[in-house]
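Student:
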Amino acid sequence: MSYSVIKGSSYVLVHAPDMVLHNGTTQTTEMILNPNSEYLKELPKSLRTFEQAVNYLPNQVYIGNHKPEELKKVAQPWYDKDVADAKREGKFGEIMPQDEFIGLIKISDVFDLVNLEKEFTASVKAKLTAHPLIKDELVARLKDGDDIADIEHAINDQHAEALMHDGKLVGCVKRAHDVDVNLNAHVMFENLVTKASGILAALHLCAKNNINPEDVDYVLECSEEACGDMNQRGGGNFAKAVAELSGFVNASGSDVRGFCAAPAHTLISASSLVAAGTFKNVVVVSGGCTAKLGMNGKDHVKKGIPILEDVIGGFAVLISENDGVNPIMRNDIVGKHNVGTGSSPQAVIQSLVTEPLDRGSLKITDIDKYSVEMQNPDVTKPAGAGNVPEANYKMIAAIGVKRGELEKTDMVSFMEKHGMEGWAPTQGHIPSGVPYIGFARQEMLEGNINRAMVVGKGSLFLGRMTNLFDGASIVIEKNPGKVEESKGVSEEEVRNLVAETMRDFASHLLKD
């Protein structure tokens, strides 16, 4: 069977404290329902500085400066323990400050919907000019900025969405239509944030992995947002929009949606497209989601915890033809949550883990690392959601015992060996299996592990179209070093076949 490979990945975070206050749904809903609440009064005191966000161990793991195994060596919680050698720049990407990201939002705008104040524009232009990945032609898109009076007029009289930094008004996002609610300023803001963070991830993918952007054939985007107008509310296409400003001039693309499970579905689609020979290089990319900033903020503030959901996440993965080196995507070991599967934890894990392993004649213990919903327990435990990765690993181990592949006394050691602590920000789609891909590729190239399974799960009932659960999984495997020979016919073989056919034809004519 022909397999595709993971040729590179990237992971980016954007620290966005003002967007927590003004754009996270928990906060904006509270402003409507209870504008004088104690939560809103206390919230600003709980926001972290950029330096604090950079010094946070899970964030350093996300961008590749520390390995997931290091999380187990540090007692939880992690938010009160700074990383001594923390850096903005990481092996897989970076943590970008809010002001530079607002500049990137303006760069991402191709319909002149974003206005930035003149002095703020000058400030971010200087910073982005110094950024190693933001080229001059992108910086030029910032232009000279606008008068603050014009920005205030757009907000007060034309329903524009304010852009804030350090508590000050620095710009706005205007509505794209006077009537269409799908093109109002709030929606345009959310979509531009997704696009900009996706572009940042794509730029890092190419830079960190020495990839020529012109070699990319196709892009699949798998965030949780949707762009369109009143006639096609979620028509898309984020993928092509990201490709346009990422230098993927030879690529087309489309969007894949599946709530939190979308990245797993998209990886399967990308690896299948490459394995089938449809495209040679497919980029899977996703930007982040402002709506989920500060989502568990009420519980955090109540318990004296900093707002840890203050970062927007993004990632990108390049899936390419088998090169005999990079880890392969086992398209024949894919799990899916069927319509009739049911939503019990046991049924879900069986459909996503054990059923595909059975098809591959593998045991649960044959997978070195399971990358499940890698939610950061620092965020979820205070909010009453528990340790999400740990709960998944317990269920996998319990099914292993039931199948006779593990002794009950080995459950804890199985979880320690095959599981990991979570480190991904709560951005829905971001934690679902994909944060480990960069580490998995690295570990397989170094010969430390042989197999990993990426498991994504989702909640389709959120769309109010069905009560069904969702999920998908795929196994990543160390490359055996052999590239399957092409089953096609070479040019020389074609010439020989033509010559042989002509000889037979000539011989037939002579006989006649």
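All the letters of the sequence shown, read from the start, carry residue numbers 1106 to 1617 under my numbering.
Glycine included, each C-beta is placed from N, C-alpha and C at the ideal position.
From the DSSP output, in three-state form, read off Lys1522 for me.
Tutor: helix
Student: State buried or exposed for Ile1137, treating a residue as buried only when at least 16 other CB atoms are found within 10 Å of its CB.
Tutor: exposed
Student: Which residues bound the beta strand (DSSP E) around Glu1618?
Tutor: Nothing about residue 1618 can be read from this structure; the chain reaches only from 1106 to 1617.
Student: For Ala1375, name the three-state secondary structure that DSSP assigns.
Tutor: helix
Student: Which of the three DSSP states, helix, strand or coil, is assigned to Asp1285?
Tutor: coil
Student: Taking His1120 as part of the beta strand (DSSP E), name the residues at either end of that continuous run.
Tutor: 1109-1120
Student: Quick one: any contact between the region 1280-1300 and the region 1326-1336, if contact means 3 or more CB pairs under 8 Å?
Tutor: yes
Student: Nearest by alpha-carbon distance to Leu1148: which of Ala1557, His1127, Asp1322, Ile1424 is it?
Tutor: His1127
Student: List the DSSP bridge partners of Glu1175.
Tutor: Per DSSP, none; premise fails for Glu1175.
Student: With which residues is Cys1277 paired in a DSSP beta bridge?
Tutor: Asn1220, Ala1267
Student: Any idea what DSSP makes of Phe1353, helix, strand or coil?
Tutor: When DSSP states are grouped into helix, strand and coil, Phe1353 belongs to the coil group.
Student: Secondary structure at Glu1199, three-state DSSP: helix, strand or coil?
Tutor: strand
Student: Go through its chain and collect everything with a Cβ distance to Ser1351's Cβ below 7 Å, but skip five positions before and after it.
Tutor: Ile1304, Ala1307, Leu1308, Pro1318, listed in sequence order.
Student: Rounded to whole angstroms, what is the Cα-Cα separation between Gln1157 and Asp1187?
Tutor: 8 Å
Student: Among the candidates Ile1417, Ala1367, Val1387, whose CA atom is the shortest distance from the CA of Ala1678?
Tutor: With the chain represented from 1106 up to 1617, any question about residue 1678 goes unanswered, as that position is not in the structure.
Student: Determine the closest residue to Leu1325 out of Cys1311, Asn1336, Gly1341, with distance taken between C-alpha atoms.
Tutor: Gly1341
Student: Check whether the Cβ atoms of Ser1449 and Asn1314 sit closer than 9 Å, and answer yes or no.
Tutor: For Ser1449 and Asn1314, no; Cβs fall outside 9 Å.
Student: In this structure, how does DSSP classify Ser1591 when only helix, strand and coil are distinguished?
Tutor: Legend: pLDDT at Ser1591 = 47, less than 50; position of this residue unreliable, value from coordinates given subsequently. Of the three classes helix, strand and coil, the one that applies to Ser1591 here is coil, per DSSP.
Student: Pick out the complete beta strand (DSSP E) segments inside the region 1409-1433, 3 residues or longer, and give them in chain order.
Tutor: 1416-1426
Student: According to DSSP, simplified to helix, strand and coil, what is Leu1148?
Tutor: helix
Student: Between which two residues does the alpha helix (DSSP H) containing Val1159 stretch?
Tutor: 1155-1159
Student: Would you kindly report the start and end of the unbroken beta strand (DSSP E) that includes Ile1581?
Tutor: 1574-1582
Student: For a test of the three-state rule: what should DSSP assign to Ala1301, helix, strand or coil?
Tutor: helix
Student: By how many angstroms is the C-alpha of Thr1134 removed from the C-alpha of Gly1593?
Tutor: Its pLDDT being 48, under 50, Gly1593 is placed unreliably in this model, and the value from its coordinates should be taken loosely. If you take the alpha carbons of Gly1593 and Thr1134, they lie about 59 Å apart.
Student: Just how far apart, CA to CA, sit Arg1569 and Thr1531?
Tutor: 22 Å
Student: Taking the straight line between their C-alpha atoms, what separation do you get for Glu1205 and Asn1443?
Tutor: 43 Å
Student: Is Asp1473 buried or exposed, if buried means 16 or more other CB atoms sit within 10 Å of its CB?
Tutor: buried
Student: Suppose the cutoff is 8 Å on Cβ atoms and the five residues either side in sequence are ignored; what does the same chain contact list for Val1588 look like?
Tutor: Asn1427, Asp1428, Gly1429
Student: By Cβ distance, which residues of its chain are closer than 7 Å to Val1244, with the 5 residues on each side in sequence left out?
Tutor: Annotation for Val1244: Lys1230, Leu1233, Thr1234 place their beta carbon closer than 7 Å to its own, counting only its chain and skipping 5 residues before and after.
Student: Whole angstroms is fine: what's the gap from Gly1419's alpha carbon to Val1119's?
Tutor: 9 Å
Student: For the pair the region 1238-1254 and the region 1209-1228, tell me if three or more CB-CB distances fall below 8 Å.
Tutor: yes
Student: For Lys1499, I'd like the list of residues in its chain whose CB is within less than 8 Å of its CB, leaving aside the five on either flank, ordered along the chain.
Tutor: Met1516, Met1520
Student: Are the beta-carbon atoms of Val1422 and Val1347 separated by less than 9 Å?
Tutor: no
Student: Could I get the ranges of all uninterrupted alpha helix (DSSP H) runs contained in the region 1459-1528, with 4 residues as the minimum, in chain order?
Tutor: 1460-1464, 1482-1485, 1493-1507, 1516-1523
Student: Considering Met1400, what are the terminal residues of the beta strand (DSSP E) in which it resides?
Tutor: No beta strand (DSSP E) contains Met1400, which DSSP labels as neither H nor E.
Student: State buried or exposed for Glu1414, treating a residue as buried only when at least 16 other CB atoms are found within 10 Å of its CB.
Tutor: buried
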